[in-house]
Amino acid sequence: MEKSAERIIEDLEEGLKYYSLLGVEFIELPSSSQETDYLSLKEQILNCQKCPLAQARKNAVPGEGDLETELMFVGEAPGRDEDIQGKPFVGRAGQLLTKIINAMHFQREEVYITNLIKCRPPDNRTPHADEIEKCKGYLLEQLEMIKPKVVVTLGKVASDFFVPNRLGMSALRGNFYEYGRIQVMPTFHPSYLVRNEPNKMLKKMVWEDMKKVMAFLGKK
Ligand code: URA
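Written out as C-alpha cells, the structure is:
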C-alpha cells in the first residue's frame, strides 16, 4: 500500500529526530540529475581532446551561470583572458557584456554565458568549421539541459550556428529567429563594440535588441 503524504512527513520527522539525537547537524542530499549531468558535461569539456585546440589551451571554458535560467548568451570562443581564467567573457568584452546584462536588470549569475567553441583558437582567429563541428555537441547538450527561452547570439559566428544565413550582422540583428523551442536574438559582439568605441550607434542598436529580449521575457 502507498504511504500517505502525512505518513511520509511523520517518518521523515522521526528519522531527523533520531539523527539529531546522534549529533548530526547536516544531511547532504544527492544533487539533482540536472546538476550531475551538468558536472559530468563540464568534466568532459575540461578534459576534451577532440581537436588540436586542446594542445594550445591553458583552460577549456565550459561556461557559467544559472542552470535554471530563461536567458543564455552565446559568444564565439574564449579569448586570452578567458583561456587564462577558465571563465567566459571576463576580459574587456566580458566587462561590457556584464554591463549589458545588468542594464537588462539581471545579475550575471542569473543568466548562463558560454561560447560556441570551448577552447581558445590561436591569436583569437575565427574558429574553423571542423572545430565547430567537433565542439558543437557540448553547446547542444547545454541547451538541452538548461532549456533557455531566449539565446542571445553575440556576433556572426555564433549567430550563423543558430541561424545559418547569408546576411551580415546589421541585417540579421534585432529580430527573433526560432531554433526549435528557443527564440534566438542575434546582436553585435561586445568585442566589436569595444573595437568601435566611438560609434555610439552600435551600443544603441544592441540596447534596442536587448529591450526586445526583456519584453519577450516580461522583464521590467
Ligand atoms: N569573446 C567571445 O566570443 N567569448 C569570450 O568568452 C570572450 C570573448
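The numbering of the sequence shown is the numbering used here, which starts it at 41 and goes up by one.
C-beta: ideal position from N, C-alpha, C; glycine also.
*Nearest-angstrom Cβ-Cβ length linking V224 and V191, presumed shorter than 8 Å*: 5 Å
*Ends of the alpha helix (DSSP H) at T138?*
R132 to A143
*What residues sit near the ligand URA, counting only those whose C-beta is closer than 7 Å to one of its heavy atoms, in chain order?*
V101, G115, E116, A117, P118, G119, E122, P128, F129, G131, A133, G134, N155, L194, G195, H229 and S231
_Are the CB atoms of M209 and G195 within a distance shorter than 8 Å?_
Remark: C-beta atoms of G195 and M209 approach each other more closely than 8 Å.
*What is the DSSP secondary structure of F113, counted as helix, strand or coil?*
strand
*Among L79, R148 and P230, which residue has its Cα nearest to the Cα of Y178?*
L79
_Pair within 8 Å by beta-carbon distance, A117 and P188_ = Taking 8 Å as the Cβ cut-off, A117 and P188 do not qualify as a contacting pair.
*Roughly how many whole angstroms lie between the Cα atoms of L69 and L56?*
13 Å
_Chain-order list of residues whose beta-carbon lies under 8 Å from that of L156 (same chain, five-residue window excluded)_ = V114, G115, E116, A117, P167, I172, C175, K176, L179, V197, A198 and F201
*Would T266 be called buried (16 or more neighbouring beta carbons within 10 Å of its own) or exposed?*
Because the chain is modelled from 41 through 260, residue 266 falls outside the range shown and cannot be assessed.
*Would you give the residue range spanned by the beta strand (DSSP E) that L62 belongs to?*
Judged by DSSP secondary structure, L62 falls outside any beta strand (DSSP E); it is assigned neither H nor E.
*Hey, how far is the Cα of K251 from the Cα of E110?*
15 Å
*Under three-state DSSP, which class holds V203?*
coil
*Taking the CB atoms as reference points, tell me whether P162 and A94 lie closer together than 8 Å.*
no
*The alpha helix (DSSP H) with Q261 in it runs from where to where?*
Not covered by the structure: residue 261. The range shown for the chain is 41 to 260.
*Please classify R160: is it buried, with 16 or more other beta-carbons within 10 angstroms of its beta-carbon, or exposed?*
By the 10 Å Cβ count, R160 comes out buried.
*Between which two residues does the beta strand (DSSP E) containing V190 stretch?*
Where V190 is concerned, the enclosing beta strand (DSSP E) stretches over V190 to L194.
*For V130, which residues from the same chain have a beta carbon less than 7 Å from its beta carbon, with the 5 sequence-adjacent residues on both sides left out?*
Result list for V130: D121 and E122, in chain order.
*Which residue's Cα is closest to the Cα of L107: L183, G126, N142 and D51?*
L183
_Taking the beta carbon of H229 as the centre, do at least 16 other beta carbons fall within 10 Å, making it buried, or is it exposed?_
buried
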